[in-house]
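J.: Got a structure for you, written out below as structure tokens; questions coming shortly.
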């Protein structure tokens, strides 16, 4: 059994003091209250500030931050998500020439929450609200690979190895397993805490999405990754600070 | 060959944006800067023209630098602007004589009611295409001449210049006091009440009626064509960029949505909603509460007209649900809340917060929640809030159909509320018309870019622009639901009538 992690205990103590102080204490008082050196308390507070668990006013007083308050209601509203992602999804469809979908997990289901048509003015139907197979679509594979409780369910060993690959390289593909002749590429969208909240991807004709060796076209992969990161930044994600999911299964 | 680009400046009510577009109509650079809103008295809204000019230079220079790295060449500059906002400045110094009076400002109410009472007031609607209203720029110019010390005397000596925002920016971009070009585009001129909407010239009798000296006024130019050369943009080397397009923002959105044929229409869903329908080269006289306005003009071609229906409160009602009632924490969550129920539960919200604009034009109307029973939950209220925007769109579309006799093939939509699938499906059902959203949501700046690029041959003709337009989403009416809403429409009309009655004087 691992032991306790001292800095987490200290951070928890600081949060308890901050929560009880109603925004009246600065670093000196907080350090004194938890019995830490001021420099130690300061670096812990800077870290908590960075992840949004505390915030600081102009006088240097600390109070609980929005990131902490959101923990209790960490569910991201899908309509909010669509609204924030919309411009980036449009740009991705426009640049790639393919249709774009944004999907989230609703329980075990992979659900489309936003859909941008392929920009060729052909007849297409909005499929917002539709459920997709998690094991046969790029969007589903991304969500399965990065799901918080992935060890409790999911596919067989072969599938596990594949999801591990998705986690390592940061994107997933489909090669006609869901719809014959349709290929896809998807990447994770992260929320402010670094957790994967959605998957963003393109789908199109197999020979457009993949090269003649069956590999996804690098240009499309780069576009999808770029767009997914842009949406993540829009949601408050700040780079690799909390790198959930890169540690493997 | 280097890519050729167009720079669009969208001088809006809250911010100034510089956006660079490529030939496919895709955005390649965006820079934005907000400006201060001045509220010196109740009902007064002002902007500092010097601040807006500084923001224009800064955002334009930044956007140009963004694309300089890609070896692209910016071949034209187009402007879209907040309409009816009025600037008066000294031609020798370039200093405004007072802050710009913004389109939302209501200080001319008293002046407007005096003007309406005059026996010759009928010429305003007959010549300008619009009834006398404080919404337009002419009364604001008159207010400046009457209230700013020595303004009238200096104007008559030819020391002052008048313009809407595009005029102010073109004058500064082309040199300001040092040879600046004093021009306005015909769509902006059509919003002053001073222009004859048929000849597209300043009308001497309207100038007499509003008591405005002609010497102040800019030259009226087509929306698409040479306006001047921007020599004043710093940080981009010595090359000057031709200014070849200008449109009022709603007309720019119509242009950006490629509504070039009679009957084609767009609606922008923002704080309010603005629906414009192209009526072709024939001016349609309105009898049903829409406004006859100029849509655009290509140099050397006849003017295209439009009918316009403005609704004051659309997204603002969702903001009220968020900020006034605290029922949601972000605007998009209104859809989540509305989807907790199947229908409006008999509830209707008429958002007449400061009267009703098109097609009713009843300033005295006040907001109303009708049909409350203990069955109604916040979910029903959220649905009624979204439906209000749909019902109001139907009000406007019906009025326009009565005036123009043009069928609406589809409604092209843009603006923040278009990510709301529940609302967009409701609009499709309540109009019994397909609703389509384009790939480029930035239709205002795209329209300015199209106008400018068309004039320099970056695009051959409007048909080329039409081919650039692509659907990103479509909502099709469900026949059974459309029939149901048609049956329900009189109930909405009754709620509107009650909100007008509520605001009427009594006792």
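Protein chains in written order, with my numbering: chain A, 1 to 249; chain B, 1001 to 1507. Just so you know, even glycine gets a beta-carbon here, dropped at the ideal spot from N, CA and C.
Helix, strand or coil: how does DSSP classify residue 1038/B here?
T.: Numbered from its first residue, the second chain carries residue 1038/B at position 38. Strand at residue 1038/B.
J.: Is it buried or exposed for residue 1259/B, if we count other Cβ within 10 angstroms and need 16 for buried?
T.: The residue labelled residue 1259/B in the question sits at position 259 within the second chain. Within a 10 Å sphere around the beta-carbon of residue 1259/B sit 16 or more other beta-carbons, which makes this residue buried.
J.: Quick one: which residues of the segment 88-119 of chain A get their C-beta closer than 8 angstroms to a C-beta of chain B? List them in chain order.
T.: 90, 91, 93, 94, 95, 114, 115, 116, 117 and 119
J.: Do the segment 1316-1326 of chain B and the segment 1338-1346 of chain B meet, that is, are 3 or more Cβ pairs less than 8 angstroms apart?
T.: no
J.: Which residue from 1100/B, 1371/B, 1177/B and 1008/B puts its Cα closest to that of residue 1148/B?
T.: Here residue 1148/B is taken as the residue at index 148 of the second chain, counted from 1. With distances taken between Cα atoms, residue 1148/B lies closest to 1100/B.
J.: Per DSSP, what are the beta-bridge partners of residue 1207/B in this structure?
T.: The residue you call residue 1207/B lines up with position 207 of the second chain. DSSP lists no partner for residue 1207/B.
J.: Please state whether the Cβ-Cβ distance between residue 1336/B and residue 79/A is less than 8 angstroms.
T.: Here residue 1336/B refers to the residue found at position 336 of the second chain. Here residue 79/A refers to the residue found at position 79 of the first chain. Cβ atoms of residue 1336/B and residue 79/A: closer than 8 angstroms.
J.: Classify residue 1328/B as helix, strand or coil using the three-state DSSP reduction.
T.: Locating residue 1328/B in the second chain gives position 328, where the first residue counts as 1. Residue 1328/B: coil per DSSP, three-state reduction.
J.: For residue 38/A, does the count of other Cβ atoms within 10 angstroms reach 16, so buried, or fall short, so exposed?
T.: For the purposes of this step, residue 38/A is taken as residue 38 along the first chain, with counting starting at 1. When all chains shown are included, residue 38/A counts as exposed.
J.: Under a Cβ-count criterion, where at least 16 other Cβ atoms within 10 Å of its own Cβ denotes burial, should residue 19/A be classed as buried or exposed?
T.: Numbered from 1 along the first chain, position 19 holds the residue referred to as residue 19/A. Exposed, because fewer than 16 other Cβ atoms sit within 10 Å of the Cβ of residue 19/A.
J.: Can you list the residues of chain D that residue 1473/B reaches, using a CB-CB cut of under 8 angstroms?
T.: Structure shown: chain D not included; protein chains present are A and B.
J.: Flag this pair as yes or no: are the beta carbons of residue 1312/B and residue 1322/B separated by less than 8 angstroms?
T.: One-based indexing of the second chain puts residue 1312/B at position 312. One-based indexing of the second chain puts residue 1322/B at position 322. Using a Cβ distance threshold of 8 angstroms, residue 1312/B and residue 1322/B do not count as a contacting pair.
J.: Strictly by DSSP, which residues pair up with residue 1081/B?
T.: By one-based count along the second chain, residue 1081/B stands at place 81. Its beta-bridge partners are 1011/B and 1248/B.
J.: What residues of chain B sit near residue 80/A, judged by a beta carbon separation below 7 angstroms?
T.: The sequence position of residue 80/A within the first chain is 80, counting from 1. For a Cβ distance threshold of 7 angstroms, residue set 1330, 1332 and 1333 of chain B lies close to residue 80/A, ordered along the chain.
J.: Taking 8 angstroms as the CB-CB limit, is residue 1380/B close to chain A?
T.: Stepping through the second chain from its first residue, residue 1380/B is reached at position 380. No, because no Cβ of chain A sits closer than 8 angstroms to the Cβ of residue 1380/B.
J.: Taking Cβ positions only, does residue 1017/B come closer than 8 angstroms to chain A?
T.: Here residue 1017/B is taken as the residue at index 17 of the second chain, counted from 1. For residue 1017/B, the answer is no, since every Cβ of chain A falls outside 8 angstroms of its Cβ.
J.: Check residue 108/A in the structure and name its three-state DSSP category.
T.: Taking the first residue of the first chain as position 1, residue 108/A is located at position 108. Coil at residue 108/A, not helix or strand.
J.: Would you mind listing the alpha helix (DSSP H) stretches within the segment 1069-1147 of chain B that are 4+ residues and don't spill past its ends, in chain order?
T.: 1109-1116, 1122-1128 and 1137-1147
J.: Determine the DSSP secondary structure at residue 1056/B, reduced to helix, strand or coil.
T.: Counting from 1 along the second chain, the entry for residue 1056/B is found at position 56. Residue state, collapsed to three classes: helix.
J.: Which residues bound the alpha helix (DSSP H) around residue 223/A?
T.: Along the first chain, read from residue 1 onward, the residue named residue 223/A stands at position 223. Taken as a continuous stretch (DSSP letters only), the alpha helix (DSSP H) holding residue 223/A covers 218-234.
J.: Are residue 1283/B and residue 1186/B closer than 8 angstroms when you measure CB to CB?
T.: Walking along the second chain from the start, residue 1283/B turns up at place 283. Walking along the second chain from the start, residue 1186/B turns up at place 186. Cβ atoms of residue 1283/B and residue 1186/B: not closer than 8 angstroms.
J.: Looking only at C-alpha atoms, which of 1400/B, 1114/B and 1457/B sits nearest to residue 1278/B?
T.: Residue 1278/B sits at position 278 when you count from the first residue of the second chain. Closest by alpha carbon: 1400/B.
J.: In chain order, what residues of the same chain have a beta carbon less than 6 angstroms from the beta carbon of residue 1086/B, not counting five sequence neighbours either side?
T.: Along the second chain, read from residue 1 onward, the residue named residue 1086/B stands at position 86. So the qualifying residues of the chain are 1101, 1137, 1140 and 1141.
J.: Any Cβ of chain A within less than 8 angstroms of the Cβ of residue 1447/B?
T.: Looking up residue 1447/B in the second chain gives position 447. Closer than 8 angstroms: no.
J.: Could you spell out where the alpha helix (DSSP H) holding residue 1502/B opens and where it closes?
T.: Within the second chain, the letter at position 502 stands for residue 1502/B. Start and end: 1479-1503.
J.: Using C-beta distances below 6 angstroms, list every residue in its chain close to residue 53/A, excluding the 5 sequence neighbours before and after it, in chain order.
T.: By 1-based counting over the first chain, the position of residue 53/A is 53. If we look at residue 53/A and ignore the five residues flanking it on each side, its Cβ neighbours are 65, 67 and 68.
J.: In chain B, which residues lie with their C-beta within 7 angstroms of the C-beta of residue 7/A?
T.: On the first chain, residue 7/A is found 7 positions in, with the first residue counted as 1. Those do not exist, as residue 7/A stays about 32 angstroms from chain B at its closest Cβ, beyond 7 angstroms.
J.: Can you tell me where the beta strand (DSSP E) holding residue 1417/B begins and where it ends?
T.: Here residue 1417/B refers to the residue found at position 417 of the second chain. Careful: residue 1417/B lies outside any beta strand (DSSP E) and carries neither H nor E.
J.: Can you look up residue 7/A in the DSSP assignment and give me helix, strand or coil?
T.: Locating residue 7/A in the first chain gives position 7, where the first residue counts as 1. If DSSP states are grouped into helix, strand and coil, residue 7/A belongs with the helices.
J.: Buried or exposed for residue 1347/B, going by 16 or more other Cβ atoms inside 10 Å?
T.: Indexing the second chain from 1 puts residue 1347/B at position 347. Classification of residue 1347/B: buried, given that the 10 Å Cβ count is 16 or more.
J.: At which residues does the alpha helix (DSSP H) containing residue 88/A begin and terminate?
T.: Numbered from its first residue, the first chain carries residue 88/A at position 88. Counting along the chain, the alpha helix (DSSP H) containing residue 88/A begins and ends at 78-96.
J.: Identify the continuous alpha helix (DSSP H) that holds residue 1165/B and give its terminal residues.
T.: If you number the second chain from 1, residue 1165/B lands on position 165. Taken as a continuous stretch (DSSP letters only), the alpha helix (DSSP H) holding residue 1165/B covers 1165-1173.
J.: Taking a cut of 8 angstroms between CB atoms, which residues from the segment 1429-1446 of chain B lie near chain A?
T.: Under the 8 angstroms Cβ criterion, the segment 1429-1446 of chain B contributes 1439, 1440 and 1441.
J.: Based on Cα-Cα distance, which residue from 1465/B, 1074/B and 1499/B lies nearest to residue 1261/B?
T.: One-based indexing of the second chain puts residue 1261/B at position 261. Closest option to residue 1261/B, Cα to Cα, is 1465/B.
J.: Do you know offhand how far residue 1080/B's Cα is from residue 136/A's?
T.: Stepping through the second chain from its first residue, residue 1080/B is reached at position 80. Stepping through the first chain from its first residue, residue 136/A is reached at position 136. Here the C-alpha atom of residue 1080/B lies approximately 47 angstroms from the C-alpha atom of residue 136/A.
J.: Using a cut-off of 9 angstroms between C-beta atoms, extract the partners of residue 1336/B located in chain A.
T.: In the second chain, the residue the question calls residue 1336/B occupies position 336. Within chain A, the C-beta atoms nearer than 9 angstroms to that of residue 1336/B come from 77, 78, 79 and 80, in chain order.
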